[in-house]
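Undergrad:
Numbering (mature numbering (1 follows the signal peptide of the UniProt record, and there is no 0)), first residue to last: -19 to -1, 1 to 1014.
So this is what it looks like as C-alpha cells:
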C-alpha cells in the first residue's frame, strides 16, 4: 500500500505537473546580485550611499501613456521610455554605476517592446547588481485610501512580472514609499510579510520630523501588526532630504545646477569648488543617524531622461570627493542601493537595541497649516469605482479558476489597471481631471474585458457544473452586468419583461443578499429553480436619484428581493417575471404625526416629528440616542506663498471658520415594504438621503446623494455628515489601517511625539478605508460606521463621528496639481451617491457576537459584494430551468467562521494561487480570535489539491527560503513601550497590557500544521499564501 504523500508524488510525476515552479532560474555562475553586489563600506569613514533613482508617477498631471511616451510636454516634460532607455545605455558604459527602479507598470511597458539582445543586457545588469528593483509593485501605492486586499494584489502582480523575468535577482528587498502623503501601519506589516528587509520613506509630519531629528530616531523598527508581533517588524528609515539631491547637486536636464568641469586647462574648471560645496553640505548634516552610513538620493520626479547628464557628474563627484581622503577627509562615497544601505546598517548594529514604533504616520502635515487630509475624500466617485473594480477582479479570478479557463490577457488587463489605481496620485484623488477620467476609462474597459471571462466561465459551469469539460459552450446564455445600478439604471432589467438574475457570491461563506434592480413594471414575481416564490418590494425611485445628471433610464421603481443562501464561491439564479397583478403598494406618509419608528428585523430607527431627522437607533438589542445631519466647511483661500496663506485643495483640507449646518430640518417621506423600510430625506437642493433598514441585515444604511455642490461662493464647499450620540468617549475614536487593524486615535494627540495643532479640524482627520468607531468603555458599547469607499473622518467632540463625503475647492493648494478640485460630469457639478452602514454592538460577547464580529461581517460583504448578472429570458421558464444549472458552490465544505479565502486565482503552469486569512486580531472576540484549523482536503468542488507549497505574501519566494535581516529592539517590554509612548503614560499602559495579553498565546497553544493531511493553521491576523498543484474532476 502506498501512503497518501507517495501517491501525491506519483501523480505529480505522471501528470508532469509543473505547478509549483516559482521563478526564472538564472545561470548562477554569472550572478552577483543582492547583498553580494554591494560596494564594501570603509571603516572609520562616513559612508555615503549614492542612490541614483527616478520617481515616475503612474499618472498625475499626465495620463499613464502620456508619461510613458512623453507626450503633452506643455503640461510636464516627462517621458519614462527615455529614462529607462538612457539609463541602460549609461549602465553599459561603467560597471560601477547602479540604478534603482520602482514602478513595474512602466518598466513592463518598456520591457515587452525590447529585442532579445537588449533584454539579455538588462538581465545582466540585474544579475550583477547594477540595476536593482525596489518596492516592485505595479505602482507605488497610496497608504491612506487603499485597502489591504488591493495593495497585496498590486504588489503581487508587480513582483510576479519581475520574478518571471529575472528570477531571484529581480526580487526586491526594500519597501520604497518616498512620495505617499503619510504612512500606514498595515503597509509596514505587508512589507514584512513580503519578506522585505527594510522600509524607506520620505514624507512624515514636520513636527514628528523635528522630534526625530532631535532625538536621533529617524530610524526605528516598525511593528506592523499587534497580532503578528515580531514577524511584522521591519526596519524603517526616514530620508533626510525627502527624495531629492542636495541643493546645488541636481545634474538632470530638468535642473540648472552647475556640472563638474574637471579639465584643469579649462577656464571653467570648478572641481575644487564643487567638492568644497559638497563637503560643506555633508558636514552640515546633523548627526541624527546612528551608524556610519548615510543614504543620499540622487534623482527626483522623472529624472534621468538624459541619464548620462547625471552619471557623468556622479562619477566625478564620487571620484573627486573620495580623492580628498588622501588629505584627511572622512567621507566615502559609493554607488549604492537602498538594500545595500540597509544591509550596511544591519552589519554595523548587531548589538543595537532599536526603538520600536507601534503607531502610524497619519495625519501628515508639511507645515502648521498644511494637513494633507483632504485627499482622504477627494474624487469620491473614482474612489468608489476603484472599490467596485476590486470586487469584480476577485469575481473574475475565481470564476477563471472554477471553470478552468487559466490565465488570459483580459484578466491581466484588469489586474494591471487595478494596480495602477492604487498609485498615490490615483485612488488618492490628487491627479488632474483629465487623468482621473483616463483612469476611469481604463478601468471600465478592463471590466468589459473581464466580463467576457465571467460569461465564458458561467456558461461552461451552467451547462455541466464541471471545470474539467473540454466542450466549448460559448456564450449561449448572455450575462450582463449593470455598473450603473447605483443610480438605478440598467437597460437589461428595464427592457425585458422576463429575465434571469444570477447572483455570484465571491465570499467563502454563504450569504443572504438583498438584491435591488431598477425596473419600470408595476409588479413582478421572483422564483427559484424549484418554483419557490420570493417576497419582493417595489419602491418608487426617488426624484433626487432620477435627477442625477447623465442618468438615462426609463426605470420608475427599484425591485427588492432577498436571495437566500447564495452558496460560497458560487451562484444562485432567480427568474424575474413581469406580473402587474402582483404589485405591492408601499405605505407612503409625507407628514409625521408623532415620532415614528422604522423597523427592520434586528435594526430600527426613530424619526423626530419636528425635524424629520433620525433621533434614535436600535441594533443588536441595544438602543442609542443618535442625531445625524449634514454640514459643510468653507475652504480657506490664499496665495500659497507661505503656510498662513495655504488654500484648501486636492491634498490639503484647510477650513476657513467653523463648520456650518446645512439645515435644522429635513423633508421626509416614509415608505414601508415587506422587506425594506426607509425614510427619504431632503435637506437642501444638493443633499438628499434615504435611511434604510431591511429584514436581513443588522445595520442601518444611510444612502446619501450629494451634489452638484454650490459654486456661487469663492471658498468652496466640503460636505461632511455627523453621527452624534451621548456616549462618553474620552476624546478617543478608532479607524482602520487599510481595512485591517483598528487603531486608536486621540484628539489633538500623537502617541510618539507632542503635537502642537494649529488646525483643529484637519489636524484631527484620519483616513477611513473601511470603518470608523467610537466606544463607551464604561457601558461596553461601540457605535461603528462602515463605508463603501475610502473617506476621511474624525471625532471632534465626544460621542461624535464625522465623515467627509464630497469636496469642491475653487483654488489649488499649491502642491503640484495646478488645478482646482471642481469635478464635473455631463457639464454639471459632480453628483455622488454612496452609503454608510451604521451598527451598534457590545465590545465583548461570549457567543462570538462582539461588535468586531458584526462589523467584520459587514465589511466583508461590502468589500466583496455578491455580483449580479442579468440574462434576458429568451426561452420559456421551464426550458431554462431544465437546460442550465441554477445553483452551484465552488466549496464542498465550510470554512471556520473566522477564516476567509482572500485569494483564489490562476497562476502559472496550471497552478493556482491560494491565500487564506484569519479575519480577527488576537483581542477582538473571545471565540473568533482563537486560532483556526483549515482542512484543504476535499475543500473545493471542481478539483482536489495534490500539492501545496507556502510562499511569502507576494508569492515570489518560497517561505522556507525567506531569511530576513534581524534588527533587535528594546530588550524589555516596559522599556520598549515607554520609549515610544512616553508622552502619555496612561496610553502606554494600554499598549503594554495589550502586548502582555498577546504574550499569553504561547507556542504550545498555537496549533501546528499537518501538511501531509493538508491541514493549515491560521493564527490571529494571519494571511498565508500557497501555490497549489491540482487535479480537476
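Where is the CB? At the ideal position from N, CA and C, for every residue including glycine.
Quick caveat: nothing in here was measured; it's all calculated off a predicted structure.
#1: Judging by CA-CA distance, which residue of 804, 784, 872 and 904 is the nearest neighbour of residue 827?
#2: In the DSSP assignment, find the beta strand (DSSP E) that holds residue 725 and state where it starts and stops.
#3: Could you tell me which residues DSSP puts in a beta bridge with residue 870?
#4: Using the Cβ count rule (16 or more neighbours within 10 Å means buried), how would you classify residue 632?
#5: Taking the C-alpha atoms as reference points, what is the distance between residue 716 and residue 444?
#6: State the DSSP-derived secondary structure class of residue 996, mapped to helix, strand or coil.
#7: Under the three-state reduction of DSSP, which class applies to residue 969: helix, strand or coil?
#8: Counting beta carbon pairs with one atom in the stretch 84 to 102 and one in the stretch 741 to 748, are three or more of them shorter than 8 Å?
#9: Quick one, which of 997, 654, 590 and 916 has its alpha-carbon nearest residue 875's?
#10: Among 613, 541, 415 and 823, which one has its Cα closest to the Cα of residue 516?
#11: Would you call the CB atoms of residue 818 and residue 680 closer than 8 Å?
#12: Could you check if residue 248 is buried or exposed, using at least 16 other CB atoms within 10 Å of its CB as the buried criterion?
#13: Output the distance between the C-alpha atoms of residue 869 and residue 1012, rounded to the nearest integer angstrom.
#14: Could you check which residue in 520, 554 and 560 has the C-alpha nearest to that of residue 504?
#15: Determine the extent of the alpha helix (DSSP H) in which residue 121 is found, giving its start and end residues.
#16: Helix, strand or coil for residue 320? Go by DSSP, reduced to three states.
#17: Just reading off the alpha helix (DSSP H) that residue 49 is part of, what are its end residues?
#18: According to DSSP, which residues form a beta bridge with residue 335?
#19: Can you tell me where the alpha helix (DSSP H) holding residue 139 begins and where it ends?
#20: Mapping the DSSP letters down to three states, classify residue 431 as helix, strand or coil.
#21: What does the alpha-carbon distance come out to for the pair residue 600 and residue 658?
#22: Per DSSP, what kind of secondary structure is residue 1021 in: helix, strand or coil?
#23: For residue 934, I'd like the list of residues in its chain whose CB is within less than 7 Å of its CB, leaving aside the five on either flank, ordered along the chain.
#24: Look at residue 28 and residue 303 and say whether their C-beta atoms are less than 8 Å apart.
#25: Is the beta carbon of residue 950 closer than 8 Å to that of residue 214?
#26: For residue 396, which residues from the same chain have a beta carbon less than 6 Å from its beta carbon, with the 5 sequence-adjacent residues on both sides left out?
#27: Going by DSSP, what residue range makes up the alpha helix (DSSP H) through residue 179?
#28: For the beta strand (DSSP E) containing residue 904, name the first residue and the last one.
#29: Nearest by alpha-carbon distance to residue 634: which of 656, 666, 773 and 710 is it?
#30: Where residue 123 and residue 728 are concerned, what is the direct C-alpha to C-alpha distance, given to the nearest angstrom?
#31: Contact between the stretch 370 to 377 and the stretch 392 to 408 is defined here as three or more beta-carbon pairs at a separation below 8 Å; is this criterion met?
#32: I'd like to confirm the pairing. Which residues does DSSP put opposite residue 813 in its beta bridges?
#33: Leaving out five residues before and five after residue 381 in sequence, what residues of the same chain have Cβ atoms less than 8 Å from its Cβ?
#34: Using only alpha-carbon positions, find the residue among 113, 349, 714 and 88 that is nearest to residue 45.
#35: Are the Cβ atoms of residue 179 and residue 323 separated by less than 8 Å?
#36: Is the CB-CB distance between residue 756 and residue 802 below 8 Å?
TA: Per the coordinate set shown:
#1: As a first step, residue 827 must be located in the chain shown, where it is residue number 846. The shortest Cα separation from residue 827 among 804, 784, 872 and 904 belongs to 904.
#2: One-based indexing of the chain shown puts residue 725 at position 744. It spans 723 to 727 - the beta strand (DSSP E) in which residue 725 sits, taken as one unbroken run.
#3: Taking the first residue of the chain shown as 1, we reach residue 870 at position 889. Bridge partners of residue 870: 551.
#4: The sequence position of residue 632 within the chain shown is 651, counting from 1. So residue 632 ends up on the buried side.
#5: Sequence index remark: in the chain shown, residue 716 carries index 735 (1-based). Sequence index remark: in the chain shown, residue 444 carries index 463 (1-based). Each residue's alpha carbon lies about 46 Å from the other.
#6: Within the chain shown, residue 996 is the residue found at index 1015, counting from 1. If DSSP states are grouped into helix, strand and coil, residue 996 belongs with the strands.
#7: Locating residue 969 in the chain shown gives position 988, where the first residue counts as 1. Only weak support exists for where residue 969 lies, its pLDDT of 48 falling under 50; the coordinates are left without a value.
#8: no
#9: Reading the chain shown from its first residue, position 894 is the one you call residue 875. Comparing Cα positions, the closest option is 916.
#10: Within the chain shown, residue 516 is the residue found at index 535, counting from 1. Checking every option, the nearest Cα to that of residue 516 belongs to 541.
#11: For the purposes of this step, residue 818 is identified with residue 837 of the chain shown, where counting begins at 1. For the purposes of this step, residue 680 is identified with residue 699 of the chain shown, where counting begins at 1. Yes, the pair counts as a contact, with Cβ atoms nearer than the cut-off.
#12: Counting from one through the chain shown, the residue named residue 248 turns up at place 267. When all chains shown are included, residue 248 counts as exposed.
#13: As a first step, residue 869 must be located in the chain shown, where it is residue number 888. As a first step, residue 1012 must be located in the chain shown, where it is residue number 1031. If I take the Cα positions, the gap works out to 19 Å.
#14: Residue numbering aside, residue 504 sits at position 523 when the chain shown is read from its first letter. Among 520, 554 and 560, the Cα nearest to that of residue 504 belongs to 560.
#15: The count along the chain shown starts at 1 and reaches residue 121 at position 140. Taken as a continuous stretch (DSSP letters only), residue 121 belongs to no alpha helix (DSSP H), as it is neither H nor E.
#16: Residue 320 sits at position 339 when you count from the first residue of the chain shown. Residue 320 falls in the helix class under three-state DSSP.
#17: Along the chain shown, one-based indexing puts residue 49 at 68. 45 to 50 is the extent of the alpha helix (DSSP H) around residue 49.
#18: Reading the chain shown from its first residue, position 354 is the one you call residue 335. In DSSP, residue 335 forms a bridge with 950.
#19: As a position in the chain shown, residue 139 is number 158, starting the count at 1. Segment 129 to 147, the alpha helix (DSSP H) holding residue 139.
#20: The residue you call residue 431 lines up with position 450 of the chain shown. Residue 431 falls in the helix class under three-state DSSP.
#21: What you label residue 600 is simply residue 619 of the chain shown in a count that begins at 1. What you label residue 658 is simply residue 677 of the chain shown in a count that begins at 1. Each residue's Cα considered, the two are about 15 Å apart.
#22: Since the displayed the chain opens at -19 and closes at 1014, residue 1021 lies outside it and no answer follows.
#23: As a working note, residue 934 is residue 953 in the chain shown. The answer, listed in chain order, is 133, 171, 174, 175, 1004 and 1006.
#24: The residue labelled residue 28 in the question sits at position 47 within the chain shown. The residue labelled residue 303 in the question sits at position 322 within the chain shown. No, they are not a contact pair.
#25: Within the chain shown, numbered from 1, the residue matching residue 214 stands at position 233. Within the chain shown, numbered from 1, the residue matching residue 950 stands at position 969. Cβ distance < 8 Å, so residue 214 and residue 950 count as in contact.
#26: The sequence position of residue 396 within the chain shown is 415, counting from 1. So the list reads 138, once near-sequence residues are dropped.
#27: As a first step, residue 179 must be located in the chain shown, where it is residue number 198. No alpha helix (DSSP H) contains residue 179, which is instead part of the beta strand (DSSP E) from 179 to 182.
#28: Counting from 1 along the chain shown, the entry for residue 904 is found at position 923. That residue, residue 904, is in no beta strand (DSSP E); it is neither H nor E in DSSP.
#29: As a first step, residue 634 is located in the chain shown; it is residue number 653 there, counting from the start. Comparing Cα positions, the closest option is 773.
#30: Counting from one through the chain shown, the residue named residue 123 turns up at place 142. Counting from one through the chain shown, the residue named residue 728 turns up at place 747. Approximately 24 Å between the Cα atoms of the pair.
#31: yes
#32: As a working note, residue 813 is residue 832 in the chain shown. Partner(s): 687.
#33: The residue you call residue 381 lines up with position 400 of the chain shown. Hits under 8 Å: 387, 388, 389, 392, 434, 438, 886 and 887.
#34: Taking the chain shown and counting its residues from 1, one reaches residue 45 at position 64. Checked all of 113, 349, 714 and 88; the closest Cα to residue 45 is 88.
#35: Here residue 179 is taken as the residue at index 198 of the chain shown, counted from 1. Here residue 323 is taken as the residue at index 342 of the chain shown, counted from 1. Cβ atoms of residue 179 and residue 323: closer than 8 Å.
#36: The residue labelled residue 756 in the question sits at position 775 within the chain shown. The residue labelled residue 802 in the question sits at position 821 within the chain shown. Result no, Cβ atoms of residue 756 and residue 802 do not sit closer than 8 Å.
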